[in-house]
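Protein chains: 2
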Amino acid sequence: MAEEVEVKARADPERIRRKLAELGAELVSVEEQEDVYFAHPCKDLFASDEALRLRAVGGKAELTYKGPRKPGSAKSRLEVTVLVSDAAAAEALLELLGFKEAVRVRKRRELYKLGDVEVALDTVEGLGAFVELESKGAPEERLAELLKLLGAGELVRETYAELVAKAASLPAGSGSA
Amino acid sequence: MAEEVEVKARADPERIRRKLAELGAELVSVEEQEDVYFAHPCKDLFASDEALRLRAVGGKAELTYKGPRKPGSAKSRLEVTVLVSDAAAAEALLELLGFKEAVRVRKRRELYKLGDVEVALDTVEGLGAFVELESKGAPEERLAELLKLLGAGELVRETYAELVAKAASLPAGSGSA
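In structure tokens:
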């Protein structure tokens, strides 16, 4: 169990990469991630601001419970994660218990390390590019300053799952010319 | 996912070990297992003859869903298992989702291999000794014959979880001299 502090913003990937290089950030990994968020069999996790996520990365998988976000522009919430041996079997097991797939988020994540801060540059299918900063120690203000320094765009409070769900519920043809 | 066929009977451990040696069975492992069975947050798994079990063995842990048993003296049911990295974190995650510990079963399991049959000689805390035969291929009749050949006692249809729950709900002092 861990308390994570996260801030996220829209980003221009080329600009962020250039800034990260200037600041001496170290590229840790590049991963294709597929996240499935589940609806609970008898509780509205959306209403209680909780989430159950199964993440598949390459052959590995992890199951994460996320507790309600605490107030503030940064995202601080309880997270409990276990690695699981097999994403498909874990999905089958959850469905047999009555959990149902609610949202699926696919993204390419470039992960950088900048001191004690993890910087994720994400390209999310259907949503575009974002930069997310996460730290166990740093205060929210420092993360917000670092976002500005990186030249990121507007702050985003919603999770990717919420943004994908919102995009999917737009009326057909809305916004198209 | 796999269909398992199992038969189980009360046993005299010394007698079973002697018979297994005569038949040329091979000792595979000796493990201390701790199983936690969970109550579902909104469904009576006991009534639907399903089960969710978290098994801790040494440092390893696995989470298993068991479907309803099919008719017959052998136990044939759907099982879906995933290995998890951390039993304590998995238990915390399940409890955050509303699952509650219902029964805890501790046992010492000696596992033998006899051809294509797995023979488990179990000493279960509070219940005594049992022998359990499991096979993916062998028909139920052959397993029942093998039980007889091993000199096992009466067949037991209930799971250990059911037997432990039953023992726990006996009125205080019942059966004591």
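Protein chains in written order, with the numbering used here: chain D, 134 to 310; chain Y, 134 to 310.
Ideal Cβ positions, reconstructed from N, Cα and C, are used throughout, including at glycine.
Check whether the Cβ atoms of Tyr245 (chain Y) and Val161 (chain Y) sit closer than 8 Å, and answer yes or no. Start at 1 with the first residue of the second sequence, and residue 245 (chain Y) comes out as number 112. Start at 1 with the first residue of the second sequence, and residue 161 (chain Y) comes out as number 28. For Tyr245 (chain Y) and Val161 (chain Y), yes; Cβs fall inside 8 Å.
For Leu230 (chain D), which three-state DSSP category applies? The residue you call residue 230 (chain D) lines up with position 97 of the first sequence. Coil at Leu230 (chain D), not helix or strand.
Expressed to the nearest angstrom, what Euclidean distance is found between the alpha-carbon atoms of Glu234 (chain Y) and Leu279 (chain D)? Taking the first residue of the second sequence as position 1, residue 234 (chain Y) is located at position 101. Taking the first residue of the first sequence as position 1, residue 279 (chain D) is located at position 146. Rounded to whole angstroms, Glu234 (chain Y) to Leu279 (chain D) spans 44 Å at the Cα level.
Taking Glu251 (chain Y) and Glu267 (chain Y) to be in contact with their CB atoms under 8 Å, please state how far apart those CB atoms are, rounded to whole angstroms. As a first step, residue 251 (chain Y) must be located in the second sequence, where it is residue number 118. As a first step, residue 267 (chain Y) must be located in the second sequence, where it is residue number 134. Confirmed, about 5 Å.
Does the CB of Val161 (chain Y) have a neighbour CB from chain D at under 8 Å? Locating residue 161 (chain Y) in the second sequence gives position 28, counting from the first residue. Val161 (chain Y) does not count as touching chain D.
Strictly under 8 Å for the Cβ-Cβ distance: is Val236 (chain D) near chain Y by that measure? Taking the first sequence and counting its residues from 1, the one referred to as residue 236 (chain D) is at position 103. At a cut-off of 8 Å, the C-beta of Val236 (chain D) has no neighbouring C-beta in chain Y.
Using DSSP with H/G/I as helix, E/B as strand and the rest coil, what is Val140 (chain Y)? Position 7 of the second sequence holds residue 140 (chain Y). DSSP places Val140 (chain Y) in the strand class (E or B) of the three-state scheme.
Chain D partners of Asp219 (chain Y), CB-CB under 7 Å? Position 86 of the second sequence, counting from 1, holds the residue named residue 219 (chain Y). The contacting residues are Val215.
Taking its Cβ as the centre, do 16 or more other Cβ atoms sit within 10 Å of Ala180 (chain D), making it buried, or is it exposed? By 1-based counting over the first sequence, the position of residue 180 (chain D) is 47. Under this definition Ala180 (chain D) is an exposed residue.
Would you mind working out which of Y:Glu212, Y:Ala223, Y:Ala225 sits nearest Arg202 (chain Y), comparing C-alpha positions? Here residue 202 (chain Y) refers to the residue found at position 69 of the second sequence. It is Y:Glu212.
Using beta carbons (cut-off 8 Å, strictly below), is Pro174 (chain D) in contact with chain Y? Taking the first residue of the first sequence as 1, we reach residue 174 (chain D) at position 41. Judged by the 8 Å Cβ criterion, Pro174 (chain D) is in contact with chain Y.
Tell me whether the region 189 to 203 of chain Y and the region 250 to 264 of chain Y touch, counting them as touching only if at least three CB pairs, one residue from each stretch, are closer than 8 Å. Cβ pair count under 8 Å is below three, so no.
Assign Ala301 (chain Y) to one of three DSSP states: helix, strand, or coil. Locating residue 301 (chain Y) in the second sequence gives position 168, counting from the first residue. In the structure shown, the three-state DSSP call for Ala301 (chain Y) is helix.
Three-state class that DSSP yields for Ala223 (chain D) in the structure shown: Start at 1 with the first residue of the first sequence, and residue 223 (chain D) comes out as number 90. In this structure, Ala223 (chain D) counts as helix in the three-state DSSP scheme.
Any C-beta of chain D sitting closer than 8 Å to the C-beta of Tyr170 (chain Y)? The sequence position of residue 170 (chain Y) within the second sequence is 37, counting from 1. Judged by the 8 Å Cβ criterion, Tyr170 (chain Y) is not in contact with chain D.
Return the Cβ separation of Ala285 (chain D) and Arg143 (chain D) in integer angstroms, given the expectation that the two are a contact with Cβ distance under 8 Å. Within the first sequence, numbered from 1, the residue matching residue 285 (chain D) stands at position 152. Within the first sequence, numbered from 1, the residue matching residue 143 (chain D) stands at position 10. About 7 Å separates the two Cβ atoms, so the contact holds.
Val163 (chain Y): buried (16+ other C-beta within 10 angstroms of its C-beta) or exposed? As a working note, residue 163 (chain Y) is residue 30 in the second sequence. Label assigned to Val163 (chain Y): exposed.
Beta-carbon contacts of Asp177 (chain D) that lie in its chain and below 7 Å, excluding the five residues immediately before and after: Here residue 177 (chain D) refers to the residue found at position 44 when the first sequence is read from its first residue. So no residue of the chain qualifies.
In angstroms, rounded to a whole number, what distance separates the CA positions of Ala221 (chain Y) and Arg241 (chain D)? The count along the second sequence starts at 1 and reaches residue 221 (chain Y) at position 88. The count along the first sequence starts at 1 and reaches residue 241 (chain D) at position 108. Each residue's alpha carbon lies about 31 Å from the other.
Can you give the Cα-Cα distance for Leu288 (chain Y) and Gln166 (chain D), rounded to whole angstroms? Here the question's residue 288 (chain Y) lines up with position 155 in the second sequence. Here the question's residue 166 (chain D) lines up with position 33 in the first sequence. Our two residues, Leu288 (chain Y) and Gln166 (chain D), have alpha carbons roughly 49 Å apart in a direct line.
When you compare the CB of Gly231 (chain D) with every CB in chain Y, is at least one pair closer than 8 Å? Counting from one through the first sequence, the residue named residue 231 (chain D) turns up at place 98. For Gly231 (chain D), a Cβ of chain Y is located within less than 8 Å of the residue's own Cβ.
Considering only the alpha carbon of each residue, which of D:Val169, D:Phe232, D:Ala223, D:Val215 lies closest to Ala225 (chain Y)? By one-based count along the second sequence, residue 225 (chain Y) stands at place 92. For the residues D:Val169, D:Phe232, D:Ala223, D:Val215, the minimum Cα distance to Ala225 (chain Y) belongs to D:Val215.
Taking a Cβ distance cut-off of 9 Å, strictly less, list which residues of the region 184 to 199 of chain Y are near chain D, in chain order. Correct list: Leu185, Ala194, Glu195, Leu196, Thr197, Tyr198.
If you count every other CB in all the chains shown that lies within 10 Å of the CB of Arg290 (chain D), and 16 or more means buried, which is it? Position 157 of the first sequence, counting from 1, holds the residue named residue 290 (chain D). Within a 10 Å sphere around the beta-carbon of Arg290 (chain D) sit fewer than 16 other beta-carbons, which makes this residue exposed.
Rounded to whole angstroms, how far is the Cβ of Ala153 (chain Y) from the Cβ of Tyr170 (chain Y), which I believe are closer than 8 Å? The residue given as residue 153 (chain Y) occupies position 20 in the second sequence. The residue given as residue 170 (chain Y) occupies position 37 in the second sequence. In the sequence under discussion, the amino acid at residue 153 (chain Y) is Leu, which differs from the Ala named in the question. Not a contact, Cβ separation roughly 29 Å.
Taking the beta carbon of Lys281 (chain D) as the centre, do at least 16 other beta carbons fall within 10 Å, making it buried, or is it exposed? The residue you call residue 281 (chain D) lines up with position 148 of the first sequence. Exposed, by the Cβ-count rule.
Where the alpha helix (DSSP H) containing Glu164 (chain Y) begins and where it ends: Position 31 of the second sequence holds residue 164 (chain Y). In the DSSP assignment, Glu164 (chain Y) falls outside any alpha helix (DSSP H) and within the unbroken beta strand (DSSP E) covering 159 to 172.
Cα-Cα separation, Gly308 (chain Y) to Ile149 (chain Y): The residue you call residue 308 (chain Y) lines up with position 175 of the second sequence. The residue you call residue 149 (chain Y) lines up with position 16 of the second sequence. Note that Gly308 (chain Y) has pLDDT 42, beneath the 50 cutoff, so the model's placement of it is unreliable and the number below is only indicative. Cα-Cα distance, rounded: 28 Å.
Pull up the distance between the alpha-carbon of Leu229 (chain D) and that of Arg151 (chain D), whole angstroms please. Translated into positions along the first sequence, residue 229 (chain D) becomes position 96. Translated into positions along the first sequence, residue 151 (chain D) becomes position 18. C-alpha separation (whole angstroms): 47 Å.
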